[in-house]
Structures are given as structure tokens and as C-alpha cells.
Amino acid sequence: MVGFWHRLGTKGKAFYSATLSPPCSSPLTLPHIWVPTQTSHRPLSSGFHRATGQTRSAAEIMSGKPIAKDINLRVAAEISRMKAAIGRLPGLAVVLVGYREDSHAYVHMKLKACNEVGIETSFVQLPQDCTQDRLIDVVSSFNSNASVHGIIVQLPLPQHLDEETIINFVSPEKDVDGFHPPNMGNLALRGREPLFIPCTPKACIELLLRYRVEIIGKNAVVIGRSKIAGLSTSFLLQRHHATVSTLHSFTNNPEQITRRADIVVSDVGIPNIVGCDWLMPGAVVVDMGTNSVKDPNSPRGFRTTGDVCYEEEIKVVSAITPVPGGVGPVVISMLLCNTLYSAKRAYGFT
4 MVGFWHRLGT KGKAFYSATL SPPCSSPLTL PHIWVPTQTS HRPLSSGFHR ATGQTRSAAE
64 IMSGKPIAKD INLRVAAEIS RMKAAIGRLP GLAVVLVGYR EDSHAYVHMK LKACNEVGIE
124 TSFVQLPQDC TQDRLIDVVS SFNSNASVHG IIVQLPLPQH LDEETIINFV SPEKDVDGFH
184 PPNMGNLALR GREPLFIPCT PKACIELLLR YRVEIIGKNA VVIGRSKIAG LSTSFLLQRH
244 HATVSTLHSF TNNPEQITRR ADIVVSDVGI PNIVGCDWLM PGAVVVDMGT NSVKDPNSPR
304 GFRTTGDVCY EEEIKVVSAI TPVPGGVGPV VISMLLCNTL YSAKRAYGFT
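First residue of the sequence shown: 4, per the working numbering; consecutive thereafter.
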């Protein structure tokens, strides 16, 4: 097991890819999370079918595609309303360094989604050997561009670039990925609200809410503590009053902890690290792992898989997200929501 988790410590961060009625169930201000009331969304227990109240006989597949479609339609409608009222559109700047095929694929999906809902985009691709000063100059130029309301620097960056330094150069008011220290700090502190909720954990909560998985009072385990997903997901689950445990490369006997969890969220970056023997029967699994596995039969030369042994776990759990098609589409929708919110704040549009 020590060697097993050593792989997590060395590999887990090597691969990474965020109105009218609110576009998503967890709007940016998240009033029902910060201050729960008697009318808060309190879904049925994860071990029961949400319509009948009976024990589930088969796992529910928590697809993100229909959720993303609904959110994107709402975002597009709100952008149309803003354009008609003030003649302005949201703007998103995307910076990509290097030539990773997986990063190219993710950037393409983000730009495509922006185009479909009406968000204007600026895309800059820099060479693999780009200097840190050059990258900072590009980010700084977008910081000062009033027509740009969101900036994302696609991660991971080449090893010679300092991700923390680059992220800190993004204006907090345009940090639609939600990685800037003020955003993360306010997410962690009770009673405060971040400017932006990071897209991946926000998508995780959105899926749980939409599929009516009960969070309040449940035992939740987050495997991994990356800033992009794991750590911020732990914060957000605590905001929903779950009892949260975070597992990492120094955790002893992780499978004993996950077997007591009602909700298991994986953010590791290692294919099939979570097997069915790690899970309590009836648990809900959100697989946020995004791993590229070489596949000569794929047109792209690789396929995307998650952290969990999907074919095994589907026989044990009550609900599970597929990879691809689970969290991923909703993550992009959350990016659209954050960008729209930033533009509305910049223009004072309500």
C-alpha cells in the first residue's frame, strides 16, 4: 500500500486539464450553502431511489451531459438578455503553453462551448520553451483588457514554469478558474464568499444536487487534495455540511476510510486506483479523475479514463459518474457561468 500511494504522490498532480433562474443549482452566491434554511435542498438518501424511496437495484449513472446542456442554454439566454440590454458580451481569454494533445483537446472544448453560448474568446498559444516572463506579459495584457472578464491558463504548465507564480498574476476579478489565493481562502473560511467557486468542485456539487444525492450530514471522502479539484471540493462539501475526510499520499489504510463513506470523490490522476473493495455498498461515487491512456484504436491516439474501476464499482454503488461524460461537461458549464458572472459584475448588470 505504501508503494501504491507513493504513485499518487508522484503522479497525481501530473495531469490536469467552472440572472434569470440561476443557470445551475449551486449559483455563484450559493445562499443555500452558506446559510442553510428549512427550504434548503435536502435530497433523499444516496442509498434509495429518488422517485420511489425503495432501495436501488442498479447503480444510477450520473451523466453530466444533460445537466451541461440545460445550464448552457440558460447561460446563452442570459447572455442574449445582456447583449440586448447593454450591447455587451462576456469575454474569456485562454492561454495554452506547449503542445500536449490532451490540453489542446480541453481548450478546444472550452472555446467551442463559449462560441455556442455567445462568449467572446481570445486564444493565445505559446511554445513549450516559453519563458515565465513572456507568459506573465500575456496574462498581464489580459488583466488590463476591459473586454476580457475571465482568464484561464491551461494546466499543467511545462516544468520550468512556476504555476503558483502564474496563477497569482491573474487578476482575482478575472480568475474564473477560482485558483487565486483570495478565492481559495474565502472558500475555506466560514461566512465568506469567494469571487469565483472553482469549476471542478462546483461541477461535483452540481451533479450531486441535480441527482438529488443527500449531502447534509453524510460522510464524504475526497481522495486527493489538489488545489484544482480535491482541496476545494473538500471545502465545498463542508459548506454543504458533510463530514469530510481528505485522503492523500500519506494516508494509512485509505480503503478502510473510504469503506465508511456515503460519498466518495476521487481526484487522483491514476487510472483504476479506486476498486470496488474500497467502497461501502450503496455509496455514491464522483470520479473527477481525468487520465490519458494510450489507445492505438483511438483517432487521437489516447482515450480518457477516470480514477475508479468503473465496471467493478457499478455493481456496488448506488450512483456513479462515468468518465468521460460525467463531471467533465459540467466543469465547462461552470466555466461559462463564472465568466458570465464576471461580466455582469464588471458591467453592473443584474
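We put the CB at the ideal spot given by N, CA and C, even for glycine.
Beta-carbon separation (whole angstroms), residue i vs residue j, contact threshold 8 Å
{"i": "residue 290", "j": "residue 269", "result": "5 Å"}
{"i": "residue 155", "j": "residue 179", "result": "6 Å"}
{"i": "residue 153", "j": "residue 76", "result": "Actually they do not touch by this definition, with Cβ atoms about 20 Å apart."}
{"i": "residue 305", "j": "residue 296", "result": "6 Å"}
{"i": "residue 67", "j": "residue 330", "result": "6 Å"}
{"i": "residue 309", "j": "residue 328", "result": "10 Å between Cβ atoms; not a contact."}
{"i": "residue 338", "j": "residue 202", "result": "5 Å"}
Residues near residue i in its chain [Cβ-Cβ closer than 6 Å; skip 5 each side]
{"i": "residue 32", "result": "Unreliable positioning characterises residue 32 in this predicted model, as indicated by a pLDDT of 43, which lies under 50. The coordinate reading is nonetheless provided below. Taken in chain order, the list of residues that qualify is empty."}
{"i": "residue 261", "result": "224, 267, 281"}
{"i": "residue 237", "result": "225, 247, 249"}
{"i": "residue 283", "result": "262"}
{"i": "residue 170", "result": "182"}
{"i": "residue 228", "result": "234, 249, 251"}
{"i": "residue 125", "result": "96"}
{"i": "residue 117", "result": "95, 124"}
Nearest neighbour of residue i, chosen from the options [CA to CA]
{"i": "residue 143", "options": "174, 165, 352, 113", "result": "174"}
{"i": "residue 257", "options": "242, 245, 276", "result": "276"}
{"i": "residue 122", "options": "303, 198, 340", "result": "340"}
{"i": "residue 222", "options": "95, 265, 135, 317", "result": "265"}
{"i": "residue 207", "options": "287, 254, 196, 274", "result": "287"}
{"i": "residue 140", "options": "168, 150, 113", "result": "168"}
{"i": "residue 146", "options": "255, 343, 97", "result": "97"}
{"i": "residue 241", "options": "271, 194, 202", "result": "194"}
{"i": "residue 128", "options": "135, 107, 151, 115", "result": "107"}
{"i": "residue 133", "options": "65, 157, 164, 184", "result": "164"}
{"i": "residue 157", "options": "110, 114, 188", "result": "110"}
{"i": "residue 230", "options": "218, 259, 254, 188", "result": "188"}
{"i": "residue 176", "options": "254, 274, 197", "result": "197"}
Contacting residues, own chain, Cβ-Cβ under 7 Å from residue i (five flanking each side not counted)
{"i": "residue 70", "result": "209, 210, 213, 333"}
{"i": "residue 317", "result": "62, 323"}
{"i": "residue 204", "result": "232, 235, 236, 239"}
{"i": "residue 161", "result": "100, 101, 131"}
Sequence-distant residues of the same chain with beta carbon closer than 8 Å to residue i, five excluded per side
{"i": "residue 220", "result": "244, 245, 246"}
{"i": "residue 301", "result": "none"}
{"i": "residue 79", "result": "119, 120, 121"}
{"i": "residue 92", "result": "82, 85, 86, 121, 122, 123, 346"}
{"i": "residue 315", "result": "278, 279"}
Residues that residue i bridges to, as DSSP identifies them
{"i": "residue 322", "result": "63, 287"}
{"i": "residue 248", "result": "224"}
Short CB-CB distance (under 8 Å) between residue i and chain C
{"i": "residue 178", "result": "In the displayed structure, chain C is absent; only one protein chain is listed."}
Which runs of the alpha helix (DSSP H), 4 residues or longer, sit entirely within the region 254-313?
257-261
Would you list, in sequence order, the uninterrupted alpha helix (DSSP H) runs of no fewer than 4 residues that lie entirely inside the region 142-172?
166-172
Inside the region 60-141 only - beta strand (DSSP E) runs reaching at least 3 residues:
94-100, 123-129
Uninterrupted alpha helix (DSSP H) stretches inside the region 164-243 (no shorter than 4 residues)
166-172, 184-191, 202-213, 233-242
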